[in-house]
Amino acid sequence: MTWLALYPRALGDAWEQLPAPVRACHDACPRLSAEGPFVVERSRSWLARVALFAGGMPAAGEDIPLRLEVYAERDSQRWERRFGAFVMTTIQRLLPDGRMSEQRGPLELLFWVTADGGAIHYRPAGLRLCLGPLRIPLPSWLGPRVEARAWREPGDHRMSVRVVMALPLLGEVISYGGPLAPLVGGSPPEVSG
Numbered sequence: 000m001t002w003l004a005l006y007p008r009a010l011g012d013a014w015e016q017l018p019a020p021v022r023a024c025h026d027a028c029p030r031l032s033a034e035g036p037f038v039v040e041r042s043r044s045w046l047a048r049v050a051l052f053a054g055g056m057p058a059a060g061e062d063i064p065l066r067l068e069v070y071a072e073r074d075s076q077r078w079e080r081r082f083g084a085f086v087m088t089t090i091q092r093l094l095p096d097g098r099m100s101e102q103r104g105p106l107e108l109l110f111w112v113t114a115d116g117g118a119i120h121y122r123p124a125g126l127r128l129c130l131g132p133l134r135i136p137l138p139s140w141l142g143p144r145v146e147a148r149a150w151r152e153p154g155d156h157r158m159s160v161r162v163v164m165a166l167p168l169l170g171e172v173i174s175y176g177g178p179l180a181p182l183v184g185g186s187p188p189e190v191s192g
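Under numbering that gives the first Met the number 0, the first residue of the sequence shown is numbered 0, with each subsequent residue one higher.
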């Protein structure tokens, strides 16, 4: 039996229907690299700024060079995102019930990950506190709500990404996104015609 990478396992038959750039930026078997210019927008509320500082989120800006490195293991992937000098690392796993977990520090966000209309969609599906191997479910109103989408714009060789995070009582506090091109041999692929 052949071992499948995390996203082909999570999406099943829908995986093959995704555009090539979207598959290329999610198929870490055993590793992938991608880069592109991102825009990060943050809420101007002082309370949101305090929460974002405490949560260790990237600074606002345009044309921030994003470098994505994904490392696959047998049952997980480590996603390292470099927004310029700022690094944000998470661990993604597929749960037995079909949800995807993404852990950063002691907080684990749960998602339903689906493919529809040529895009991967991440929809919130729970929140847990991680203490070693112990997972404690938390009420969803207590923590961040993250939604994301990855797709390909018509005629583009890159994958586009948009991630939006909201916090209880504060609403949307940060969003980031932009195009990502998978690196082949250390550089973006050639664009044809």
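Where is the CB? At the ideal position from N, CA and C, for every residue including glycine.
- When rounded, the separation of the alpha-carbon atoms in V112 and G131 is 25 Å.
- By the CB criterion at 7 Å, P105 and C129 fall inside the cutoff.
- Secondary structure in the stretch 89 to 118: the beta strand (DSSP E) runs of 3 residues or longer, each lying completely within the stretch, are 99 to 103, 106 to 115 in chain order.
- Under the three-pair Cβ rule at 8 Å, the stretch 13 to 23 does not count as touching the stretch 46 to 65.
- DSSP places A149 inside the beta strand (DSSP E), whose first and last residues are 144 to 150.
- Fully contained in the stretch 14 to 42 are the following beta strand (DSSP E) runs of length 3 or more, in chain order: 30 to 41.
- Following the DSSP letters along the chain, one finds L166 inside the beta strand (DSSP E) bounded by residues 158 to 166.
- Counted as a single uninterrupted DSSP element, the beta strand (DSSP E) harbouring L179 occupies residues 170 to 181.
- Taking each of S174, V172, R157, V39 in turn and checking the Cα distance to V183, the smallest one comes out for R157.
- Contact between the stretch 114 to 121 and the stretch 91 to 98 is absent: fewer than 3 CB-CB pairs across the two stretches fall below 8 Å.
- Residue pairing by DSSP places W78 opposite V69, T89 in a beta bridge.
- Secondary structure of G54 (DSSP, three-state): helix.
- Rounded to whole angstroms, H120 and E40 show a C-alpha spacing of 20 Å.
- Under the three-state reduction of DSSP, A124 is assigned to strand.
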